[in-house]
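Colleague:
Residue numbers (our numbering): 49 to 677.
Have a look at this one:
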């Protein structure tokens, strides 16, 4: 009890400290504009730094290129709804609007050119005239609020007084007031420990910081709630080692806004209230660096895309950790047009803010080639080096019911010689399947055991590089823990307890995935059937190579001139190559007899499925060692 009281005292004390800092500082309410993200002084410095071909110069050019596209656009944002009065997807409305406001405001501050100012004025007038910013879809509201706040702050000196007043009132009524709503459907995200908490709180903190002097009590109340709820979320999301449960893509989304929030708090209030010191948070830069494999392909578990496109928050972590080597892989992307492919390209402003504070003239890859993390999604990632032809192995635990989760606990990926020998199929296009699921009375993000979600080809365990027992789905509520790691010159590995996945159909299931001698992988599965019944086990591996059953046993995998052989020791197995044609599966969501899902056997990504099956007698224990070499 004493310990609980002490912890409570510490938490309350921290909140009170932040309160006091904000409320008692006269400088805050009177602080000049621009005062957030890129301050007035930083703009002055940037103008003398952007003429070259260094990192700052390249980032500036990217931002200006986006601004030039934005300023040429004829789209007017007069509604967030379609002709049926239904809110549009935020990717088509709130996000492009945010990009335009931020990049054109930046461009005006850097050049003083009238066309950027006029575009900003037009968009600010349009967005403030909207009846609301979609509070029921608070992500839209938050992204709009953040962009309007930044634009207001940066353009303050040239905004007509009438427009200033309009913006201030809109930020209050359409953002801050909505956060006070008693409707759970509007503010449920306060209790969420994922990207919703990060994005929504960031947007509100931006709004509160921008107009603090007009509504100090309301702004402080919003900031207090953000600090209180976000502190809890950050500990859960990143602790203890920095891994992000939702994977690399959602790391980019959630962490981008997390860094935005902390940056604004530091810029305006001179403190982030200790949020950045949460266990694992400053290590998350190591996570995103490690999870990028050869050719900038992600370890793409759960709902994640394959190709790394950006990691703008990484500049913050490189700066805070005084470790520019974190940006080694990012620099490979900086010269590519794809660097601005992200829907969040406006937030390159975070990258340039921290890039200007570091010496980034010459970067080398990190010496560290092994990364492991506990937390909601335990994982191990290792590599032989940082070139595109080096070996890369990633393996994960966790559970299916995580947000954006799949039945992929125990799954591994393996890249070598530029080939994805063991891969994860890219995430489903949700626009394809959502209507079909809803038509059947289901919800796409229903993570319960019997949800329609698990009937999707890409979601269930059979199409992931893991085990399926007795042709049953994994128990999505049971967590796979990492029980051991090894990091030696001969072997880098992670060991995971898969037993809880199978609801008693296996008495023991332990998987160790290893990169051996920096040259090949070994997957060791120790499996024991229950004493009273046998177990039928399917061992699956999805590959970008072409599989062929070998006459002497095993599976030959071929990709161009490269080849590897998959073999198993420790039991009598039946090697298999399964169909990748969706029409061969009867458990899929269908309409008119045809699968609703995105094909996996055509286009740029052809996913082929191979592996083996084995029957384990009742009470028997086998140690199956699968090698790919």
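Note that the Cβ used here is the ideal one computed from N, Cα and C, for glycine as well.
Which residues in the same chain as residue 665 place their Cβ atom closer than 8 Å to its Cβ, once the five residues preceding and following it in sequence are excluded?
Modeller: The count along the chain shown starts at 1 and reaches residue 665 at position 617. The residues are 577 and 582.
Colleague: Residue 439 and residue 447 - do their beta-carbons sit closer together than 8 Å?
Modeller: The sequence position of residue 447 within the chain shown is 399, counting from 1. The sequence position of residue 439 within the chain shown is 391, counting from 1. Result no, Cβ atoms of residue 447 and residue 439 do not sit closer than 8 Å.
Colleague: Figure out for me which residue from 559, 638, 613 and 505 has the closest Cα to the Cα of residue 680.
Modeller: The structure shown does not extend to residue 680, since the chain is modelled only from 49 through 677, so no value can be given for it.
Colleague: So residue 107 is in the alpha helix (DSSP H); what residue range does that whole segment cover?
Modeller: Sequence index remark: in the chain shown, residue 107 carries index 59 (1-based). Unbroken alpha helix (DSSP H) run through residue 107: 103-120.
Colleague: Below 8 Å between beta carbons: does that hold for residue 602 and residue 670?
Modeller: Start at 1 with the first residue of the chain shown, and residue 602 comes out as number 554. Start at 1 with the first residue of the chain shown, and residue 670 comes out as number 622. Taking 8 Å as the Cβ cut-off, residue 602 and residue 670 do not qualify as a contacting pair.
Colleague: Which runs of the beta strand (DSSP E) at least 3 residues long sit entirely within the region 389-464? Give them in chain order.
Modeller: With a minimum length of 3 residues, the continuous beta strand (DSSP E) runs that stay inside the region 389-464 are 418-421, 427-431, 440-444 and 460-464.
Colleague: Along the chain, where does the alpha helix (DSSP H) containing residue 300 start, and where does it finish?
Modeller: Locating residue 300 in the chain shown gives position 252, counting from the first residue. Run containing residue 300: 295-317, per the alpha helix (DSSP H) assignment.
Colleague: Should residue 538 go down as buried or exposed, given a rule of 16 or more other Cβ atoms within 10 Å for buried?
Modeller: For this step, residue 538 is matched to residue 490 along the chain shown. Exposed: under 16 other Cβ atoms inside 10 Å.
Colleague: Does residue 544 come out as helix, strand or coil in the three-state DSSP assignment?
Modeller: Position 496 of the chain shown, counting from 1, holds the residue named residue 544. In this structure, residue 544 counts as strand in the three-state DSSP scheme.
Colleague: Nearest-angstrom Cα distance between residue 362 and residue 222?
Modeller: Start at 1 with the first residue of the chain shown, and residue 362 comes out as number 314. Start at 1 with the first residue of the chain shown, and residue 222 comes out as number 174. Taking the straight line joining both Cα atoms gives about 31 Å.
Colleague: Straight-line CA distance for residue 525 to residue 426?
Modeller: Mapped onto the chain shown, residue 525 falls at position 477. Mapped onto the chain shown, residue 426 falls at position 378. Their backbone Cα atoms lie some 15 Å apart in a straight line.
Colleague: Start and end of the beta strand (DSSP E) containing residue 597?
Modeller: As a position in the chain shown, residue 597 is number 549, starting the count at 1. Counting along the chain, the beta strand (DSSP E) containing residue 597 begins and ends at 594-597.
Colleague: I'd like the span of the beta strand (DSSP E) that includes residue 570, first residue to last.
Modeller: The sequence position of residue 570 within the chain shown is 522, counting from 1. Residue 570 -> beta strand (DSSP E) spans 568-576.
Colleague: Closer than 8 Å is the cut-off here; do at least three beta carbon pairs connect the region 628-646 with the region 500-508?
Modeller: Flag = yes, the region 628-646 and the region 500-508 touch.
Colleague: With 16 as the cutoff for other CB atoms within 10 Å, does residue 643 come out buried or exposed?
Modeller: The count along the chain shown starts at 1 and reaches residue 643 at position 595. So residue 643 ends up on the buried side.
Colleague: In the DSSP assignment, what residue or residues form a beta bridge with residue 632?
Modeller: On the chain shown, position 584 is the one that residue 632 refers to. In DSSP, residue 632 forms no bridge with anything.
Colleague: Hey, residue 156 and residue 203 are a contact pair by Cβ (cut 8 Å); roughly how many whole angstroms apart?
Modeller: Here residue 156 is taken as the residue at index 108 of the chain shown, counted from 1. Here residue 203 is taken as the residue at index 155 of the chain shown, counted from 1. About 7 Å; that satisfies the 8 Å criterion.
Colleague: Assign residue 659 to one of three DSSP states: helix, strand, or coil.
Modeller: Your numbering for residue 659 matches position 611 in the chain shown. Note: residue 659 maps to strand in three-state DSSP.
Colleague: Given residue 386, which residues of its chain have a CB within under 7 Å of its CB, disregarding the five upstream and five downstream residues?
Modeller: Taking the chain shown and counting its residues from 1, one reaches residue 386 at position 338. Closer than 7 Å at Cβ, skipping near neighbours: 357.
Colleague: How big is the Cα-Cα spacing for residue 675 and residue 391?
Modeller: To locate residue 675, count along the chain shown from 1; it is residue 627. To locate residue 391, count along the chain shown from 1; it is residue 343. Going from the Cα of residue 675 to the Cα of residue 391 covers about 40 Å.
Colleague: Can you tell me which residues form a DSSP beta bridge with residue 209?
Modeller: Translated into the one-based positions of the chain shown, residue 209 becomes position 161. Paired residue(s): none; residue 209 is not in a bridge.
Colleague: Would you call the region 209-224 and the region 276-287 in contact, with 3 or more CB pairs under 8 Å?
Modeller: In short, these stretches do not touch, since the Cβ pair count stays below three.
Colleague: Does the beta carbon of residue 342 come closer than 8 Å to any beta carbon on chain C?
Modeller: Checking the listed chains, one finds no chain C in this structure; it contains a single protein chain.
Colleague: Hey, which unbroken runs of the alpha helix (DSSP H) at 4 residues or more fall wholly within the region 153-189?
Modeller: If we require 4 residues or more, the alpha helix (DSSP H) runs fully inside the region 153-189 come out as 162-177.
Colleague: Under 6 Å Cβ to Cβ from residue 657, same chain only, skipping five residues before and after it: list those, please.
Modeller: Indexing the chain shown from 1 puts residue 657 at position 609. These residues qualify, in order along the chain: 590, 626 and 628.
Colleague: Taking buried to mean at least 16 other C-beta atoms within 10 Å of its own C-beta, is residue 167 buried or exposed?
Modeller: If you number the chain shown from 1, residue 167 lands on position 119. Its Cβ being crowded by 16 or more others within 10 Å, residue 167 is buried.
Colleague: The alpha helix (DSSP H) spanning residue 478 covers which residue range?
Modeller: Position 430 of the chain shown, counted from the start, is the residue given in the question as residue 478. Counting along the chain, the alpha helix (DSSP H) containing residue 478 begins and ends at 478-487.
Colleague: How far does the beta strand (DSSP E) with residue 495 in it reach, from first residue to last?
Modeller: Indexing the chain shown from 1 puts residue 495 at position 447. Residue 495 -> no beta strand (DSSP E), and no H or E assigned at all.
Colleague: What does DSSP give as the partner residue(s) for residue 606 in the beta ladder?
Modeller: Position 558 of the chain shown, counted from the start, is the residue given in the question as residue 606. Answer is 594 and 611, bridged to residue 606.
Colleague: Can you tell me the Cα-Cα spacing of residue 521 and residue 509, whole angstroms?
Modeller: Taking the first residue of the chain shown as 1, we reach residue 521 at position 473. Taking the first residue of the chain shown as 1, we reach residue 509 at position 461. So the two alpha carbons sit approximately 6 Å from each other.
Colleague: Which complete alpha helix (DSSP H) runs does the region 223-288 hold, if anything under 4 residues is left out?
Modeller: Entirely contained in the region 223-288, the alpha helix (DSSP H) runs reaching 4 residues are, in chain order, 232-235, 243-258 and 264-286.
Colleague: Taking all protein chains shown into account, do 16 or more other C-beta atoms lie within 10 angstroms of the C-beta of residue 340, making it buried, or fewer, making it exposed?
Modeller: Residue mapping note: residue 340 aligns to position 292 of the chain shown, counting from 1. Under this definition residue 340 is a buried residue.
Colleague: Look up residue 73 in the DSSP assignment and say whether it is helix, strand or coil.
Modeller: Walking along the chain shown from the start, residue 73 turns up at place 25. Confidence in residue 73 is poor, its pLDDT being 45 and thus under 50, which makes the residue's placement unreliable; the coordinate value appears in the next sentence. DSSP places residue 73 in coil when its eight states are reduced to three.
Colleague: Beta-carbon within less than 7 Å of residue 514's beta-carbon, same chain only, minus the 5 sequence neighbours each way: which residues are those?
Modeller: On the chain shown, residue 514 is found 466 positions in, with the first residue counted as 1. These residues qualify, in order along the chain: 456, 457, 458, 459 and 588.
Colleague: Does the count of Cβ pairs from the region 398-415 and the region 489-497 closer than 8 Å reach three?
Modeller: No, they do not touch.
Colleague: Between the C-alpha atoms of residue 734 and residue 420, what's the straight-line distance to the nearest angstrom?
Modeller: Examination of residue 734 is not possible in this model, given that the chain is present from 49 through 677 alone.
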